[in-house]
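The sequence shown begins at 357 in this note's numbering and counts up by one.
Note that the Cβ used here is the ideal one computed from N, Cα and C, for glycine as well.
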Amino acid sequence: MSERRRFIQTTSLEERLAKEATQLRKQAQGTPPGIERNLLVRKARRAETACRMTAWLASGSRHQNRFK
Numbered sequence: 357m358s359e360r361r362r363f364i365q366t367t368s369l370e371e372r373l374a375k376e377a378t379q380l381r382k383q384a385q386g387t388p389p390g391i392e393r394n395l396l397v398r399k400a401r402r403a404e405t406a407c408r409m410t411a412w413l414a415s416g417s418r419h420q421n422r423f424k
């Protein structure tokens with residue numbers, strides 16, 4: 357079995373997600389209203405939500421205990 361190739365990220369997951377969300381929003385602004393634009397906005401929203409969730413999980417907030 358071959359070894360798995362590892363890739364060390366230079367930026368945090370939150371930074372990458374925020375950057376992707378920003379790029380998707382800009383792309384959506386240049387797209388005429390319709391299905392494609394809605395999909396871009398939806399992807400941007402999901403990236404923003406994922407960014408907030410990773411920040412929340414990394415914070416060690418006491419509210420995490422509520423869901424155990």
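Each residue's CA atom was taken as its position, placing Ser358 and Arg393 some 42 Å apart. Secondary structure of Glu404 (DSSP, three-state): helix. Within the segment 367-403, the runs of alpha helix (DSSP H) that reach at least 4 residues and sit entirely inside it are, in chain order, 369-385.
Apart from sequence neighbours up to five positions away, the residues of its chain that approach Ala406 with a beta-carbon distance below 7 Å are Leu373, ordered along the chain. It is roughly 18 Å from the alpha-carbon of Ala400 to the alpha-carbon of Trp412.
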